[in-house]
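K.L.:
Taken in sequence, the protein lines are chains E and U. Quick note: the first sequence uses the working numbering, first residue 80, plus one each step. Quick note: the second sequence uses the working numbering, first residue 175, plus one each step. The structure under discussion is supplied below as structure tokens; questions concerning it will follow.
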Amino acid sequence: MTITQDDLRFDPDRKLKVVGTTPIKPDGVDKVTGRAKFGADTHLPGMLVGKVLRSPHAHAIIKSIDTSSAAALAGVKAVVTRDDFPELPPGEFRDISSNCMAREKAFYDGHAVAAVAATSERIAKKALKLIEVDYQVLPHVIDVMDAIKPDAPILFEDMVTKGMDPAPDGPTNILQRKEFTMGDVDAGFAEADIIVEREFDTKPMHQGYIEPQACVANFTEDGQTELWCCTQGHFVFRTRLAAVLKMDISRIRVTQSELGGGFGGKTMFYAEPVAILLSRKANRPVKITLTRNEVLRATGPVAGTHSRIKMGMTKDGRFTAAEAELYFQTGPFTGSAFANAPQAMFTRYDLQNIRAVGYEVVSNRPKVNAFRAPCVPQVVFGVEGVIHELARKIGMDPIDLRLKNAATEGYKTIYGATFGPIGYVETLEAAKAHPHYTAPLGPDQGRGIATGFWFNRGGETTASLNITPDGTVTLLLGNPDVAGSRVSICMMAAEELGIPVDKVRPIIGDTSTLGFNRVTAGSRVTFSAGMAIVLSARKAIETLCQRAAMMWDVPEDGVVFEDGHVRPASSNVGDFEPLSIADIAKKATETGGPIAGHAEIVAEGAGPGFGCHIVDVEVDKETGAVKILRYTVVEDAGKAIHPHQVEGQYQGGAVQGIGWALNEEYIYDKDGRMENAGFLDYRIPVASDVPMIDTVIVEVPNPLHPYGLRGVGEVPLVPTMAAIANAIDDAIGIRPRSLPMSPPKVLKLIEEAEMSRDQA
Amino acid sequence: MARSHVTTTVNGDEYEFLCDAEQTLLDVLRDELFLTGTKEGCATGDCGACSVMLDGRLVCACLVLGVEAAGKLIETIEGLAHGDELHPLQQKFLEHNGAQCGICTPGTLIAAKALLAVNPDPSETEIRYWLAGNLCRCTGYDKIIRAVMAAAEEMREGRS
Ligand code: FES
Ligand code: FES
Chain E
80 MTITQDDLRF DPDRKLKVVG TTPIKPDGVD KVTGRAKFGA DTHLPGMLVG KVLRSPHAHA
140 IIKSIDTSSA AALAGVKAVV TRDDFPELPP GEFRDISSNC MAREKAFYDG HAVAAVAATS
200 ERIAKKALKL IEVDYQVLPH VIDVMDAIKP DAPILFEDMV TKGMDPAPDG PTNILQRKEF
260 TMGDVDAGFA EADIIVEREF DTKPMHQGYI EPQACVANFT EDGQTELWCC TQGHFVFRTR
320 LAAVLKMDIS RIRVTQSELG GGFGGKTMFY AEPVAILLSR KANRPVKITL TRNEVLRATG
380 PVAGTHSRIK MGMTKDGRFT AAEAELYFQT GPFTGSAFAN APQAMFTRYD LQNIRAVGYE
440 VVSNRPKVNA FRAPCVPQVV FGVEGVIHEL ARKIGMDPID LRLKNAATEG YKTIYGATFG
500 PIGYVETLEA AKAHPHYTAP LGPDQGRGIA TGFWFNRGGE TTASLNITPD GTVTLLLGNP
560 DVAGSRVSIC MMAAEELGIP VDKVRPIIGD TSTLGFNRVT AGSRVTFSAG MAIVLSARKA
620 IETLCQRAAM MWDVPEDGVV FEDGHVRPAS SNVGDFEPLS IADIAKKATE TGGPIAGHAE
680 IVAEGAGPGF GCHIVDVEVD KETGAVKILR YTVVEDAGKA IHPHQVEGQY QGGAVQGIGW
740 ALNEEYIYDK DGRMENAGFL DYRIPVASDV PMIDTVIVEV PNPLHPYGLR GVGEVPLVPT
800 MAAIANAIDD AIGIRPRSLP MSPPKVLKLI EEAEMSRDQA
Chain U
175 MARSHVTTTV NGDEYEFLCD AEQTLLDVLR DELFLTGTKE GCATGDCGAC SVMLDGRLVC
235 ACLVLGVEAA GKLIETIEGL AHGDELHPLQ QKFLEHNGAQ CGICTPGTLI AAKALLAVNP
295 DPSETEIRYW LAGNLCRCTG YDKIIRAVMA AAEEMREGRS
């Protein structure tokens with residue numbers, strides 16, 4: 080009988096020894112000693128330095144590019160432009176390619192237009208200055224709502240909006256429209272006693288990983304490509320590189336480095352194909368490391384949004400209907416994953432009538448990329464604001480109102496799935512019971528709560544588990560570890576095999592070592608790779624049992640595996656000393672060869688995640704500055720395999736949200752050039768900006784995972800900005816509806832609030 | 175362009191290198207000496223990933239020229255542990271999961287060590303302000319601050 084994914088069900092009676100503890104992670108020592116190799120830490124003999132020339136214009140036709148003087152400079156070994164990129168039919172890969180190297184037009188300040196490889200950085204920089212680009216500058220548009228105005232500059236004259244019937248006649252910047260509906264929204268609103276409808280704006284932010292993208296490409300004379308880079312998905316990079324460069328997938332080998340933060344921003348490549356083409360031309364390895372300025376001008380950001388959100392409620396606090404119209408700015412090419420938003424924004428409430436329409440709109444900013452729960456936090460900022468107002472209107476406690484409307488097992492979602500056991504109610508109850516929720520507040524202080532949901536993901540995942548001759552174990556995994564997945568996966572393997580976790584050593588293999596793995600994103604890896612490794616372990620255990628039976632000369636069903644040992648199933652089988660994994664491994668050659676297990680699965684059954692944040696703020700009434708006084712994240716993890724890693728996700732997500740809420744935005748000058756492309760002016764939260772972040776891990780097991788876990792990486796960001804805005808309302812009496820809630824904007828709101836008080 | 179010949183001491187070992195006038199100490203450490211434990215997050219002095227000690231002073235290696243290293247004593251993350259014995263800060267970062275992705279960790283450890291040298295018993299607030307120049311996008315700082323407090327405590331006990 081072969082064991083499959085379907086056999087991996089949660090067993091509530093299982094006694095756990097390793098899962099739920101907090102061992103030091105296997106990648107820990109390398110990270111505290113400087114040994115860990117990140118994207119920029121690879122050096123190859125003879126390596127050249129690659130540099131990219133970027134458009135200084137937000138929107139321009141590239142009439143011609145003259146690289147002759149640059150190519151003639153001593154020390155320059157290769158120059159590439161759009162002419163070196165294969166022609167591709169319109170579609171995903173042409174878009175990706177055109178983002179890595181501009182074709183007819185440069186679409187944003189920072190768009191790559193040419194690149195050189197030289198023997199030193201100094202020469203490479205000098206060569207860039209020698210490249211002559213003839214631009215015809217065009218009018219540009221930055222903001223999403225400006226981009227849909229009738230007289231807006233048009234990025235693509237021939238663009239036809241997808242999903243719109245009838246499509247707008249004439250040129251448009253609306254790339255696509257997606258609508259999700261359930262029930263009867265008009266009837267739902269007719270039932271409502273109270274309706275609140277509001278508009279909200281959020282600004283693009285950058286994922287803000289501290290490690291700039293870096294890669295080394297080595298193209299060999301026989302047409303093989305080796306690439307070392309920091310990525311959230313080396314297998315996905317490989318597939319897309321093959322398509323963009325028209326190469327066989329098997330001829331590209333991508334080795335992922337340790338990842339210095341990604342948060343969604345390293346699910347897509349930028350300079351990697353450029354480095355490969357430079358290496359092919361130069362016949363030498365080429366390294367490209369982006370500067371922080373390039374990172375901010377040409378990678379990331381998260382979609383900015385404008386949304387209109389309307390909800391109806393009976394006077395006793397039952398939600399009757401919800402409606403949303405959402406606009407997402409995506410840069411020049413699709414990439415916002417905006418369809419998540421209409422599907423996730425109301426999902427956690429027992430709503431039967433929903434209509435949510437999203438539009439993805441192009442503009443002259445960098446192509447957006449994923450960020451924790453892509454496009455969901457932006458619109459939850461609005462949804463949880465509307466619910467905050469609804470609670471106020473009927474004088475109900477905001478957690479009670481959410482409890483009253485909480486979705487539970489059996490709820491059929493707008494995206495078609497029916498919820499199994501979920502932990503939204505438990506999360507709300509834990510938040511309500513937390514001492515933070517009832518702690519006293521001082522003057523100018525306010526408290527807010529908000530909640531969020533994320534689907535969590537599964538997908539293609541492969542893994543291999545090898546039992547070494549001394550009984551210790553190595554794991555081969557296929558997903559970059561963005562924050563603690565490796566240790567959690569080792570813990571699950573150790574739990575299965577009944578051995579200490581330090582007897583399990585993982586590596587993350589390059590793309591030639593395993594089958595395809597979907598990108599590390601959507602909170603899928605600890606869940607999916609955990610399943611793959613449990614499956615691998617159970618296969619290895621089957622083999623261990625067979626081998627022990629062979630050693631004892633008893634039937635296979637006469638043995639059982641328990642606590643890291645194979646034992647006789649009963650005294651009838653015979654009187655044998657239990658065999659440890661090491662005992663069996665030692666004899667593996669005589670009993671049939673090395674012992675291993677591997678799995679190639681499409682992981683299914685990811686359990687949805689829910690969180691509730693409680694935040695206290697103090698507003699300086701003179702400056703409008705908002706200080707975060709206290710913060711508590713309550714979230715259902717299903718099961719925390721390694722609680723420190725889970726807490727780290729909760730805390731990190733919340734602080735990213737604090738930055739988005741209070742501070743982070745792109746500032747453009749009148750020509751569409753980013754004015755704050757550095758960490759001094761694009762200010763992410765620093766240690767002195769924030770308090771300790773308290774966490775509560777709720778555990779409502781996911782029945783479809785052997786240890787009950789749910790993904791935990793996305794939800795911690797989802798409610799943050801909404802919770803902070805609700806707290807600001809509590810402090811000043813007006814709920815901000817536009818991000819960031821920076822001092823000048825908050826000051827204005829304070830004045831507005833005072834004015835309306837005076838009038839009243 | 176002529177390159178300068180520089181002799182310096184890194185983690186107690188003497189090194190010689192040639193460097194361009196515009197190369198920073200960070201460039202030299204990483205690209206000439208292959209001491210890649212010191213990280214680059216911005217190259218403009220805003221993130222602290224490149225923190226090193228220069229003659230006992232905490233500096234951003236990206237703001238120091240390579241030629242300025244001549245005759246100086248430099249300490250980097252590679253010199254923090256003694257043999258196979260981790261520095262208490264390193265140990266506490268492991269126990270508290272103070273390194274999530276780990277890219278900010280070397281710089282933060284160097285900066286934290288500099289803090290504890292001048293203030294062995296810092297308050298949470300003092301740690302937060304001292305480390306305000308060491309950006310971390312992963313952890314939300316909570317576990318970093320706790321790790322530094324725990325290391326400080328252990329070091330104080332070790333001393334008494
Ligand atoms: S790299 Fe030196 S401060 Fe950022
Ligand atoms: S641990 Fe990733 S930036 Fe600090």
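Using N, Cα and C, we set each Cβ at its ideal position, and we do this for glycine too. Here the structure is a predicted model, which is why all the values come from computation and not from measurement.
#1: With a CB to CB cut of under 7 angstroms and the five nearest residues on each side skipped, what residues in its chain are close to E/Ala806?
#2: Anything in chain U within Cβ reach of E/Val794, meaning under 8 angstroms, just list it in chain order.
#3: Starting from E/Ser386, trace the alpha helix (DSSP H) in both directions and tell me its first and last residue.
#4: Of all the alpha helix (DSSP H) runs that stay within the bounds of the stretch 350-434 of chain E, which reach a length of 4 or more residues?
#5: Less than 7 angstroms separating the beta-carbons of E/Ile763 and E/Glu754?
#6: With which residues is E/Asp213 paired in a DSSP beta bridge?
#7: Tell me whether E/Leu95 is buried or exposed, calling it buried when 16 or more other Cβ atoms sit within 10 Å of its Cβ.
#8: Tell me which residue opens and which closes the beta strand (DSSP E) that E/Val825 is part of.
#9: Identify whether U/Arg302 lies in helix, strand or coil by the three-state DSSP scheme.
#10: If you count every other CB in all the chains shown that lies within 10 Å of the CB of E/Ile660, and 16 or more means buried, which is it?
#11: Starting from the C-beta of U/Leu309, find all residues in its chain whose C-beta is less than 7 angstroms away, skip the five residues before and the five after it, and write them out in chain order.
#12: Just to confirm before moving on: does the CB-CB distance between E/Gln286 and E/Gly383 stay below 7 angstroms?
#13: Name the chain U residues whose beta carbon is nearer than 7 angstroms to that of E/Ser767?
#14: State yes or no: is the beta carbon of U/Leu309 nearer than 7 angstroms to at least one beta carbon in chain E?
#15: Quick check on this structure: which residue in E/Ser543, E/Ile612, E/Gly129, E/Lys582 has the alpha carbon closest to the alpha carbon of E/Ile568?
#16: Less than 7 angstroms between the C-beta atoms of E/Ala137 and E/Gly751, yes or no?
#17: Taking the C-alpha atoms as reference points, what is the distance between U/Met227 and U/Ile248?
#18: Take E/Arg597 and list the residues in its own chain whose beta-carbon comes closer than 6 angstroms to its own, dropping the five residues that flank it on each side.
#19: Which word fits E/Met834, buried or exposed, when buried means at least 16 other C-beta atoms lie within 10 angstroms of its C-beta?
#20: Have a look at E/Leu167 and E/Val323 and give me their C-alpha separation to the nearest angstrom.
#21: If we define contact as Cβ-Cβ less than 7 angstroms, is E/Lys228 a contact residue for chain U?
#22: So which residues of chain E does U/Leu239 contact, with C-beta pairs closer than 8 angstroms?
#23: Out of E/His723, E/Asp748, E/Ile274, which one is the CA nearest neighbour of E/Ile473?
#24: Count the other CB atoms, across all protein chains shown, that sit within 10 Å of the CB of E/Ala667; report buried if there are 16 or more and exposed otherwise.
#25: How would you list, in chain order, the residues of chain E whose beta-carbon sits under 7 angstroms from the beta-carbon of U/Pro280?
#26: Within the continuous alpha helix (DSSP H) that includes E/Glu697, where are the two ends?
#27: Along the chain, where does the beta strand (DSSP E) containing E/Cys308 start, and where does it finish?
#28: Does any residue of chain E bring its CB to less than 7 angstroms from the CB of U/Tyr189?
#29: Just to check, is the beta-carbon of E/Gly340 closer than 6 angstroms to a non-hydrogen atom of ligand 2?
#30: So, helix, strand or coil for E/Met771, using DSSP?
#31: Under three-state DSSP, which class holds E/Cys320?
#32: Would U/Glu259 count as contacting chain E if we go by Cβ distances under 7 angstroms?
#33: Is U/Glu214 near ligand 1, going by C-beta to nearest heavy atom under 6 angstroms?
#34: Answer with buried or exposed for E/His190, where buried requires no fewer than 16 other C-beta atoms within 10 angstroms of its C-beta.
#35: Got a sec: which bits of the stretch 326-355 of chain E sit with their beta carbon under 9 angstroms from any beta carbon on chain U, in order along the chain?
#36: Within the stretch 80-165 of chain E, note down every full beta strand (DSSP E) run reaching 3 residues or more, in order along the chain.
P.N.:
This is what the structure holds:
#1: Residue 806 of chain E sits at position 727 when you count from the first residue of the first sequence. Closer than 7 angstroms at the Cβ level, and outside the excluded window around E/Ala806, lie Gly525, Arg526, Gly527, Val694, Asp695, Val696.
#2: Along the first sequence, read from residue 1 onward, the residue named residue 794 of chain E stands at position 715. Think of a sphere of 8 angstroms around the beta carbon of E/Val794: no beta carbon from chain U falls inside it, the nearest being about 14 angstroms out.
#3: Stepping through the first sequence from its first residue, residue 386 of chain E is reached at position 307. Where E/Ser386 is concerned, there is no enclosing alpha helix (DSSP H), although the beta strand (DSSP E) it sits in stretches over 384-392.
#4: Entirely contained in the stretch 350-434 of chain E, the alpha helix (DSSP H) runs reaching 4 residues are, in chain order, 351-361, 371-377, 419-423.
#5: Translated into the one-based positions of the first sequence, residue 763 of chain E becomes position 684. Translated into the one-based positions of the first sequence, residue 754 of chain E becomes position 675. For E/Ile763 and E/Glu754, no; Cβs fall outside 7 angstroms.
#6: Sequence index remark: in the first sequence, residue 213 of chain E carries index 134 (1-based). Secondary-structure assignment with DSSP links E/Asp213 through a beta bridge to E/Ser143.
#7: In the first sequence, residue 95 of chain E corresponds to position 16, counting from 1. Counting Cβ neighbours within 10 Å, E/Leu95 comes out exposed, since fewer than 16 surround it.
#8: As a first step, residue 825 of chain E must be located in the first sequence, where it is residue number 746. It is not in any beta strand (DSSP E) - E/Val825 instead sits in the alpha helix (DSSP H) that spans 822-838.
#9: Residue 302 of chain U sits at position 128 when you count from the first residue of the second sequence. Correct three-state label for U/Arg302: helix.
#10: Against the first sequence, residue 660 of chain E aligns to sequence position 581. Result: buried.
#11: For this step, residue 309 of chain U is matched to residue 135 along the second sequence. Here the set comprises Gly215, Cys221, Gly222, Cys278.
#12: Sequence index remark: in the first sequence, residue 286 of chain E carries index 207 (1-based). Sequence index remark: in the first sequence, residue 383 of chain E carries index 304 (1-based). Not closer than 7 angstroms, so no.
#13: The residue you call residue 767 of chain E lines up with position 688 of the first sequence. Those are Arg302, Tyr303, Ala306, listed as they occur along chain U.
#14: Locating residue 309 of chain U in the second sequence gives position 135, where the first residue counts as 1. Yes, contact with chain E.
#15: Numbered from its first residue, the first sequence carries residue 568 of chain E at position 489. It is E/Ile612 whose Cα lies nearest to the Cα of E/Ile568.
#16: Taking the first residue of the first sequence as 1, we reach residue 137 of chain E at position 58. Taking the first residue of the first sequence as 1, we reach residue 751 of chain E at position 672. Yes, Cβ-Cβ distance for E/Ala137 and E/Gly751 is below 7 angstroms.
#17: Indexing the second sequence from 1 puts residue 227 of chain U at position 53. Indexing the second sequence from 1 puts residue 248 of chain U at position 74. One alpha carbon belongs to U/Met227, the other to U/Ile248, and they sit about 6 angstroms apart.
#18: As a working note, residue 597 of chain E is residue 518 in the first sequence. These residues qualify, in order along the chain: Gly538, Glu539.
#19: Numbered from 1 along the first sequence, position 755 holds the residue referred to as residue 834 of chain E. The residue in question, E/Met834, is exposed, as its Cβ has fewer than 16 Cβ neighbours within 10 Å.
#20: Position 88 of the first sequence, counted from the start, is the residue given in the question as residue 167 of chain E. Position 244 of the first sequence, counted from the start, is the residue given in the question as residue 323 of chain E. Distance from the CA of E/Leu167 to the CA of E/Val323, rounded to the nearest whole angstrom, comes to 8 angstroms.
#21: Mapped onto the first sequence, residue 228 of chain E falls at position 149. Chain U places no beta carbon closer than 7 angstroms to that of E/Lys228, leaving this residue out of the contacts.
#22: Counting from 1 along the second sequence, the entry for residue 239 of chain U is found at position 65. What U/Leu239 touches in chain E, judged by beta-carbon distance under 8 angstroms, is nothing: the nearest beta carbon there is about 14 angstroms away.
#23: For the purposes of this step, residue 473 of chain E is taken as residue 394 along the first sequence, with counting starting at 1. If we check each option's Cα against that of E/Ile473, E/Ile274 comes out closest.
#24: One-based indexing of the first sequence puts residue 667 of chain E at position 588. Looking at its Cβ environment, which holds 16 or more other Cβ atoms inside 10 Å, E/Ala667 is buried.
#25: The residue labelled residue 280 of chain U in the question sits at position 106 within the second sequence. Per Cβ cutoff of 7 angstroms: Gly113.
#26: For the purposes of this step, residue 697 of chain E is taken as residue 618 along the first sequence, with counting starting at 1. From DSSP, E/Glu697 is part of no alpha helix (DSSP H) but of the beta strand (DSSP E) over 688-698.
#27: For this step, residue 308 of chain E is matched to residue 229 along the first sequence. Run containing E/Cys308: 304-308, per the beta strand (DSSP E) assignment.
#28: As a position in the second sequence, residue 189 of chain U is number 15, starting the count at 1. Not flagged as an interface residue toward chain E: U/Tyr189, since no C-beta distance is shorter than 7 angstroms.
#29: In the first sequence, the residue the question calls residue 340 of chain E occupies position 261. Taken from the Cβ of E/Gly340, at least one heavy atom of ligand 2 lies inside 6 angstroms.
#30: For the purposes of this step, residue 771 of chain E is identified with residue 692 of the first sequence, where counting begins at 1. The answer is coil: DSSP assigns E/Met771 none of H, G, I, E or B.
#31: For the purposes of this step, residue 320 of chain E is identified with residue 241 of the first sequence, where counting begins at 1. Note that residue 320 of chain E is Leu in the sequence shown here, rather than Cys. Three-state DSSP puts E/Leu320 in a helix.
#32: Mapped onto the second sequence, residue 259 of chain U falls at position 85. False, the Cβ-Cβ gap to chain E never drops below 7 angstroms.
#33: Residue 214 of chain U sits at position 40 when you count from the first residue of the second sequence. Under cutoff, so the answer is yes.
#34: Taking the first residue of the first sequence as 1, we reach residue 190 of chain E at position 111. The residue is buried, with at least 16 neighbouring Cβ atoms inside 10 Å.
#35: Correct list: Glu337, Leu338, Gly339, Gly340, Gly341, Phe342.
#36: The stretch 80-165 of chain E contains these whole beta strand (DSSP E) runs: 127-133, 139-145, 155-159.
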